[in-house]
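In this note's numbering, the protein residues as written are 531 to 1344. C-beta atoms are modelled at their ideal positions from N, C-alpha and C, and glycine is treated no differently. In this text the structure is predicted, and so the values were computed from the model without any measurement. Read the structure below first, then the notes.
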């Protein structure tokens, strides 16, 4: 860590370098100014800044340090252009007019190879450009998030951002339908070689769903960039305790009328995760140690087509999916002791196995209209089918204190098929209005879920349905939303304000059997809810002095309960631990305020305050004296203050990005009968990534992070965690191929450790996974490297898709 801190100190002294302005005008061959052209300022083949030409073709770059630069320009219908080199030295520079020639079928454009910065910080989001980084090689999407600035992943693989839970995860602008373990398994099945960038959106506008109090993490998958065909292939091998393999292919074909694109990825491997859970209840100590082994085989794919009706209108279709068959085995050994004597009374051995199926298919039909004058319309119709199945065998065997004599055993089998269907329609419209941009839109979504949980008591080769602990939970939900958003630039400042209205109607029905005398009778537990909420958002940016820009933001957001968290039935984990749904779980609401400052386009600082009402938390409560059940509850409130500072630094072929986030959290709740929560914690995390290019075709990277002690889910005190990755990359085959080798968690330090004290129950837990791995990867690009990318599109199935499964730990009914 000392090396990383020295890097940061060096970087923080660099922003005092002198800065000037580069200005110019871009025209066509006839001398007519070109508006809307993309201008890139290049230094050592790297993009320093981007700009768009305004009226009369003018463009400018502020805050430019001394050095030698070039300009590249691109615009639809014109051949790419690269300027002659020019020097900035002590004063601003006006470059000669750039002149672009019309594109022709036989014209060979100039190809400019420009490397994106590792991290880009913008007013509303931070972008981590993963593509091409060495330390992403052989990794998966969850590991990439674990190392992203401000993002933390707890022992149950739940995500939090700047100390807040409730993160929305999007894939290519499309919200992921999964949460908790289902989301974690999906992200693990997604290869890093498929990921182009990770966008961390901390202050979404009214155009986005109101869900997600911590903001949005959007994972952008690679797209391929004029007419022709191109693609890429990749493969990787990595090993920690066990070997893992991955491979993938992507392609893009485009002509004047149609664009066809797709990708496929395959991932398989065996992973191990060791856990300990030391639980004290009354006068009894349960000292559990377990080893989870997960064998996963997953297929990810996307296939789509766009038809260009004319220059303004495009219609497209897309289907994507994930097919996974994970198998999990868990060997757990729990000595049970009487605390006053410290003598082990008996030992519980649970050797569980689960066979699962996690298949989902999503279909999208879309239309877009874009007028260069500022009018646009986007329509999206979506449908998603999710087939989630679990078949778990759970034997519980008790031995005497020596572990050699069997006392008794009980065996359970739990079969839980779940079907989720989501349909939605979304419309977004924008136009120029009163000197600014007005956005209007709306959506409607319909969701149905059907979970049929069957628990069997197993006796040798026979089994018997436990009618009292089996049930069927059916849930329906309809969300309708309208929004208006307006932004306008004034002299010296810019404003953005929006209002979103969402109406939610939901109904849940739990069917089962309950004991009545010597027999069973059907029972029905149900609930209905309907509520309408307003979600305002606003931002103002003061940019009169480009070298020192300030911003103020505000937003109100909601997090609705995950579908399975509402299911009231019980799901046994072992003889002493079970999960339980909560039909009284209410949505949580968050009000956030932020102050941001950008100095010389490099040093970015933001201060945020958030207040959460009815915050979700997963509590481990007590039942039958010594048994424990986990259930989602509404914590009374949560307050968070966070400070984030980031700084990018580049000198010739060396680049550094450093990010520090500090936060203070206070959790307060009173559930009666002495069951209170009153926790506060001051935490911080630090992230740094270094890159050095040498010998023309070689690149080295060093990445490190540190997470200070913090609080998870309002009740678990987590200890610090840190890790460091290192790797090399070599360009081969005339730059079209890349060989990468890296080691993750070089010092094998990544481990989750936490404690909790609630309802007379004290727990100490830890989790250690295969964080240190040696990775090898190869990728090769083929075809025309300038084929335009497939369109990015936001689909209509939004936050309701994210809640398709329970968050955290072992999901109810899984």
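From the options, pick the residue whose C-alpha is nearest to that of residue i; which is it?
i	options	result
residue 658	747, 587 and 623	747
residue 928	939, 750, 1113 and 1215	939
residue 1002	700, 764 and 985	985
residue 1083	1068, 738 and 1247	1068
residue 1054	1263, 1113, 1028 and 851	1113
residue 1010	1026, 1028 and 977	977
residue 1194	820, 803, 1209 and 1171	1171
residue 1173	632, 582 and 1138	1138
residue 856	825, 841, 773 and 699	825
residue 1197	573, 1030 and 1169	1169
residue 973	1282, 953 and 989	953
residue 1006	949, 832 and 1233	949
residue 930	618, 878 and 887	878
residue 617	936, 573, 910 and 1312	573
residue 632	561, 994 and 601	561
residue 802	828, 899, 774 and 1130	774
residue 864	1238, 1235, 818 and 1073	818
residue 842	899, 805, 804 and 1063	899
residue 1004	875, 1077 and 1036	1036
residue 772	1063, 1311 and 800	800
For the beta strand (DSSP E) containing residue i, name the first residue and the last one.
i	result
residue 1277	It is not in any beta strand (DSSP E) - residue 1277 carries neither H nor E in the DSSP assignment.
residue 1239	It is not in any beta strand (DSSP E) - residue 1239 carries neither H nor E in the DSSP assignment.
residue 1096	Here residue 1096 belongs to no beta strand (DSSP E), and DSSP marks it neither H nor E.
residue 1036	1023 to 1046
residue 1116	Premise fails: residue 1116 is in no beta strand (DSSP E) and is neither H nor E.
residue 868	857 to 868
residue 964	Element bounds for residue 964: n/a, residue is neither H nor E.
residue 1352	Because the chain is modelled from 531 through 1344, residue 1352 falls outside the range shown and cannot be assessed.
residue 937	936 to 945
residue 701	698 to 701
residue 1221	1206 to 1224
residue 843	843 to 854
residue 771	First-last for residue 771: undefined, no H or E at that position.
residue 927	906 to 929
residue 1227	Premise fails: residue 1227 is in no beta strand (DSSP E) and is neither H nor E.
residue 887	873 to 900
residue 1090	From DSSP, residue 1090 is part of no beta strand (DSSP E); its letter is neither H nor E.
residue 1308	1303 to 1313
State the CB to CB distance for the pair residue i and residue j, rounded to an integer number of angstroms; the pair is presumed to be in contact (CB under 8 Å).
i	j	result
residue 552	residue 591	4 Å
residue 1117	residue 1089	6 Å
residue 603	residue 567	5 Å
residue 892	residue 912	7 Å
residue 1214	residue 1248	Residue 1214 to residue 1248, Cβ: 13 Å. No contact.
residue 780	residue 1309	The Cβ separation is near 10 Å, so there is no contact.
residue 613	residue 625	7 Å
residue 1269	residue 1262	6 Å
residue 589	residue 595	Not a contact, Cβ separation roughly 18 Å.
residue 1297	residue 1272	Not a contact, Cβ separation roughly 23 Å.
residue 1224	residue 1176	Incorrect: roughly 26 Å between the Cβ atoms, too far for contact.
residue 1126	residue 1081	4 Å
residue 1222	residue 1229	7 Å
Just list the residues that DSSP pairs residue i with in beta bridges.
i	result
residue 999	DSSP, once it has assigned bridges, lists no residue as partnering residue 999.
residue 623	552
residue 811	814 and 1291
residue 1145	1165
residue 565	Answer by DSSP bridge pairing: none, since residue 565 is not bridged.
residue 1127	1080 and 1135
residue 1013	971 and 1030
residue 839	BP columns for residue 839 are empty, so no partner.
residue 727	659 and 750
residue 1055	1040
**Message:** When you compare the segment 903 to 923 with the segment 864 to 875, are there three or more beta-carbon pairs, one atom per stretch, that lie closer than 8 Å?
**Reply:** no
**Request:** Would you be able to state if there are at least three C-beta pairs under 8 Å between the segment 1274 to 1289 and the segment 790 to 801?
**Result:** no
**Asked** Any contact of the segment 762 to 782 with the segment 1299 to 1307, i.e. 3+ C-beta pairs under 8 Å?
**Response** yes
**Request:** Evaluate the contact criterion for the segment 1013 to 1022 versus the segment 1042 to 1058: three or more CB pairs, one atom per stretch, below 8 Å.
**Result:** no
**Message:** Is it the case that the segment 783 to 791 contacts the segment 834 to 848, given that we only count it when at least three CB pairs across the two stretches are under 8 Å?
**Reply:** yes
**Request:** Answer yes if the segment 932 to 946 comes into contact with the segment 963 to 970, meaning at least three C-beta pairs across the two stretches below 8 Å, and no otherwise.
**Result:** no
**Message:** With three or more C-beta pairs closer than 8 Å as the rule, is the segment 953 to 965 touching the segment 918 to 926?
**Reply:** no
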